Every structure is written in C-alpha cells, then in structure tokens.
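What follows is one structure encoded as structure tokens, with my remarks underneath.
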Amino acid sequence: MSVLLQTKRIASELEQLIKSSEKFICIFTYSLKIDSIFIERLKAAGRRGVKITFVFGVEPKDLTTLQEIQKIDNCQIYFKEYLHAKFYYSESTLIIATMNLSEVSEARNYELGVLFKKEIEPAIFEEIKQEAREIVGNASQWKSGKVAQAQSFQMPAFAGAKKQMGHCIRCFEDIHYHTSRPFCLGCYDIWNTWGDEYYEENFCHKCGTDKEYTSKAKPECNKCYNSHF
8 MSVLLQTKRI
18 ASELEQLIKS
28 SEKFICIFTY
38 SLKIDSIFIE
48 RLKAAGRRGV
58 KITFVFGVEP
68 KDLTTLQEIQ
78 KIDNCQIYFK
88 EYLHAKFYYS
98 ESTLIIATMN
108 LSEVSEARNY
118 ELGVLFKKEI
128 EPAIFEEIKQ
138 EAREIVGNAS
148 QWKSGKVAQA
158 QSFQMPAFAG
168 AKKQMGHCIR
178 CFEDIHYHTS
188 RPFCLGCYDI
198 WNTWGDEYYE
208 ENFCHKCGTD
218 KEYTSKAKPE
228 CNKCYNSHF
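So the sequence shown is residues 8 to 236, counted in the working numbering.
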C-alpha cells in the first residue's frame, strides 16, 4: 500500500531509504543541490559497498556539491538534459516526490510525495525501472579521476548526439551502446547482487552474437573488440 508523504516526512523517508539500503540507490532529480545530511548518508552508503547512481538535469552553477559527490565511493553520475522528474529508489523502497534533496526545498516549500515498498507494489517498481532504464540509456555519463578536475567541469559535447545501439549482454534487450554499461537496468540489478565482472554472459554487447564468451569486463566478442583498433 502506498503512503502519502508531506515535506518533513519526505525528508525523513529519503534519509531512511539511504541509511537502510544494502545493494543500490538510484537518485533522479533535476538539481545537484543536496543538503549536507544527505551527502553524509550517501558517503556512508558508498563506504559499505552500496552502488549509487545519480542522474541530474541542470548544469550546476556552484561546483561545491559536485565536488562532494565525487568523493562518494561506488557512485556514478549521469547528466540528462531537461530531466525534471524527481524519484529515488533502493532495492526495497521507492519515493516519487516533488522535493529535491536540498535544504532550501525542505525549509521553504510545501512538498508532496508517495512512498512505495517493493514487497507490496512490485509492479510499480518494475515500471519505474523501465523509466529509469530509458533515462539512463539516453543520458551522458560524467567521469573524473580527481576532485580537482571538477573546476573545469563541462557538460559532455555528445549529450545531444545520436546514440549507437547495442544489446544487453545477458538478455539481448536493445540498449544504448556503452561498453562500461553493457546491461539493461533490470539485468544490471541482478548482476550487481554479486558484482562478478568475469561471470560469463550470453551475448556480445555490440553485434549480439552468442557464439563467444562475454562478461562485464569483456562485453564484446573478439571481432567487435578488435574493430576498435
């Protein structure tokens, strides 16, 4: 059964979602402004091995928060232009809300949200995963090896470019071609339970053949891999 949340309760449930997560946390929001308490909770989650995916939709003017996000272990950051949806989920809890993770949003605004539990509303979780898959599939991943590099952060030039298509190496679903992300989100969640990069998968990420060994560490068949050179 879903639960209606108001401003203070949203903040409390979001904090609990982060604290109680054991496998993964997915954050979709248009703004990179995050209250310090959420930053600290996310850092703690990253340290205990939780995989964190952060997707945002507006270029930050203040890079302070971005620098803090960089310090979070096991965190991947994506930019999806025009993203305005705000939803947050772990392996067990989903919150869809009007509220961002910023202190200003909680202090000044009247917010509403809805909380779902996977064990009670599994269909809602699957629908959200599908939406998340579409968003991430059309987003651009931002990477940086050092916190200091955030000073020169720019949105990727290819953010609006046409994406090459590939296949999920486990289920063959059509997804955007990206060798560091060769799973659809559903199969990634399953793979992430163990996180074995050398576990044998079923298909080549690029051409889809099922004739050769592939894995998270080696998502392409030999022919496709060698075509890059």
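Here a beta-carbon is modelled for each residue, glycine too, at the ideal position from N, C-alpha and C.
Everything numeric in this text was worked out from a predicted model, so none of it was measured.
- Close CB contacts of residue 210 within its chain, under the 6 Å cut and outside five residues either way in sequence, are with 174, 176, 179 and 217 (chain order).
- Within the same chain, and ignoring the five residues on either side of residue 46 in sequence, the residues whose Cβ sits closer than 7 Å to its Cβ are 75.
- The shortest CA-to-CA distance from residue 33 to any of 57, 41 and 13 is the one to 57.
- Using a 10 angstroms sphere on the CB of residue 26, the tally of other CB atoms stays under 16, which defines it as exposed.
- For residue 143, the enclosing alpha helix (DSSP H) covers residues 129-144.
- If you draw a 10 Å sphere on the C-beta of residue 225, you find 16 or more other C-beta atoms in it, and that means buried.
- In the DSSP assignment, residue 149 forms a beta bridge with 84.
- Going by C-alpha positions, residue 83 is about 24 Å away from residue 19.
- The beta carbons of residue 35 and residue 139 sit closer together than 9 Å.
- In the structure shown, residue 58 falls within a strand segment according to DSSP collapsed to helix, strand and coil.
- Nearest to residue 147 by C-alpha distance, out of 132, 186, 88 and 192, is 88.
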